[in-house]
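J.: What follows is a structure written as structure tokens; I'll ask about it next.
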């Protein structure tokens, strides 16, 4: 790897913004389907049919809170992930010395050697990056998911007042509640990321190995395009496959996280009404386990898998695009840095074989 921290931050932020705009409507649909008010708000009370004009209205509500938060959070995730992964690789007794591959992230070591398996190193690196990223992402997630629901419930009452302004007004007296979903978000993202990235790295390394065996290692005229396919194309396919598996397994955690974040504003709303719904306010204070038990009791086990199919498809597309664009951006910035330093594409290939 021959990237600086700035390269990684820029590539991660670029990928995140593009993917946010592409897949945000699907994420809105997932949130609405997983909400406890789905049947009441989005289905006709008499016929039970879906009110499509309501369900598909305002699919981009709350998008800017996500865009502005994913720029720093995605950069923080990838910078932390690549740094921790590089440190663990450099300190491992099972990997060769990779300081020769260049780059500012490849010359840091732990004060001791370890013999952790490669999947464990990837899991530690991704989990560390996720915890850092979630600190920045939680307020945006709370705002986003409340904004995704607000149009159908209060559009007539508030007229032209934007959904985001309505949500922000709910938190103006208790802004710290914007972080009320941090534990739930980390609880969802850590298992997903810890499963997803080791699986992703395993699939990608095997796909690249087979690709190189088929293409051969000769330095032909298509060397740069072949390397781009490895870095961006195979990365996207590997990410889509690993993301589908991880998102399917962790759907119940995602449903619980969604319920907690949607209830984050309910306490302030009920207080504004004079505390008329004590039960609703108390429900907003429930922890993840209590919320999960309520879902099973009221909706059955199937309630924990609401929106699972949409989430799996959305994750496959989003993660595939995300990591493909990230690696493509890194490859572009890396090439510029190598050209400036007078290094060849062969050195880029050798560096990729290490990390």
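Residue numbers (the UniProt record's numbering): 1 to 355.
Even for Gly, the Cβ is constructed at its ideal location relative to N, Cα and C.
(1) With contact counted as at least three CB pairs below 8 Å, one residue from each stretch, are the stretch 59 to 68 and the stretch 20 to 30 in contact?
(2) Might you give, ordered along the chain, the residues of its own chain that have their beta carbon closer than 6 Å to the beta carbon of residue 232, omitting 5 neighbours on each side?
(3) Please return the same chain residues whose Cβ sits closer than 7 Å to the Cβ of residue 51, not counting the five positions on each side in sequence.
(4) Counting C-beta neighbours from all protein chains within 10 Å, is the total for residue 21 16 or more, i.e. buried, or is it exposed?
(5) Quick one, which of 69, 192 and 147 has its alpha-carbon nearest residue 136's?
(6) Using only the alpha-carbon positions, how far apart do residue 141 and residue 214 sit?
(7) Would you check whether the ligand COA has a heavy atom nearer than 8 Å to the C-beta of residue 46?
(8) Using the C-alpha atoms, what's the distance from residue 171 back to residue 306?
(9) Using the three-state DSSP reduction, which class does residue 173 fall into: helix, strand or coil?
(10) Looking only at C-alpha atoms, which of 92, 168 and 124 sits nearest to residue 113?
(11) With distance defined between alpha-carbon atoms, name the residue in 311, 258 and 316 nearest to residue 37.
(12) Using only CA atoms, which one of 56, 7, 212 and 185 lies nearest to residue 228?
(13) Does the pairing of the stretch 172 to 186 with the stretch 234 to 245 give three or more beta-carbon distances under 8 Å?
(14) Considering only the beta carbon of each residue, do residue 224 and residue 260 sit closer than 9 Å?
(15) Hey, how far is the Cα of residue 282 from the Cα of residue 291?
(16) Taking DSSP as the reference, what is the three-state secondary structure of residue 108?
(17) Does the separation of the CB atoms of residue 120 and residue 198 fall below 9 Å?
(18) Enumerate in chain order the residues of its own chain whose CB-to-CB distance from residue 18 is below 8 Å, with the five nearest sequence positions on each side excluded.
(19) First and last residue of the alpha helix (DSSP H) that includes residue 63?
(20) How big is the Cα-Cα spacing for residue 202 and residue 240?
(21) The alpha helix (DSSP H) spanning residue 12 covers which residue range?
(22) Near residue 312, which residues of its chain fall below 7 Å by C-beta distance, leaving aside the five closest residues on each side in sequence?
(23) Label residue 309 either buried or exposed according to how many other C-beta atoms from any shown protein chain fall within 10 Å of its C-beta, with 16 as the threshold for buried.
(24) Cα separation between residue 152 and residue 123?
(25) Cα separation between residue 82 and residue 4?
T.: On the basis of the data shown:
(1) Yes, the stretch 59 to 68 touches the stretch 20 to 30.
(2) These residues qualify, in order along the chain: 324, 327 and 328.
(3) Only residues of its own chain outside the window of five on either side were considered, and among them 42, 43 and 44 have a CB closer than 7 Å to the CB of residue 51, listed in chain order.
(4) Burial is judged here by how many other beta carbons sit within 10 angstroms of a residue's own beta carbon; residue 21 has fewer than 16 and is exposed.
(5) Of 69, 192 and 147, the residue nearest in Cα terms is 69.
(6) Those two C-alpha atoms are separated by around 44 Å.
(7) Within the structure as shown, the ligand COA is missing, as the structure has no ligands at all.
(8) Taking the straight line from one Cα to the other gives about 28 Å.
(9) The answer is coil: DSSP assigns residue 173 none of H, G, I, E or B.
(10) Residue 113 has its Cα closest to that of 92, out of 92, 168 and 124.
(11) Ranking 311, 258 and 316 by CA distance to the CA of residue 37 puts 258 first.
(12) For residue 228, the nearest C-alpha among the options comes from 212.
(13) No: fewer than three Cβ pairs fall under 8 Å.
(14) Remark: C-beta atoms of residue 224 and residue 260 do not approach each other more closely than 9 Å.
(15) For residue 282, the predicted model reports a pLDDT of 48, less than 50, meaning its position is unreliable and no value from the coordinates is stated.
(16) Three-state DSSP puts residue 108 in coil, outside helix and strand.
(17) In this structure, residue 120 lies near residue 198, with their beta-carbon atoms less than 9 Å apart.
(18) For residue 18, where only same-chain residues beyond five positions count, the Cβ hits under 8 Å are 321 and 325.
(19) Here the alpha helix (DSSP H) through residue 63 covers 63 to 90.
(20) Near 13 Å, if we compare the C-alpha coordinates of residue 240 and residue 202.
(21) Here the alpha helix (DSSP H) through residue 12 covers 5 to 34.
(22) Same-chain partners within the cutoff: 244, 247 and 248.
(23) Exposed is the label assigned to residue 309, since fewer than 16 other Cβ atoms lie within 10 Å of its Cβ.
(24) Because the pLDDT of residue 152 is 48, which lies under 50, any placement of that residue in the model is unreliable, and the number read from its coordinates should be weighed accordingly. Distance between the alpha carbons of residue 152 and residue 123: 40 Å.
(25) Annotation: residue 82 to residue 4 spans about 10 Å, alpha carbon to alpha carbon.
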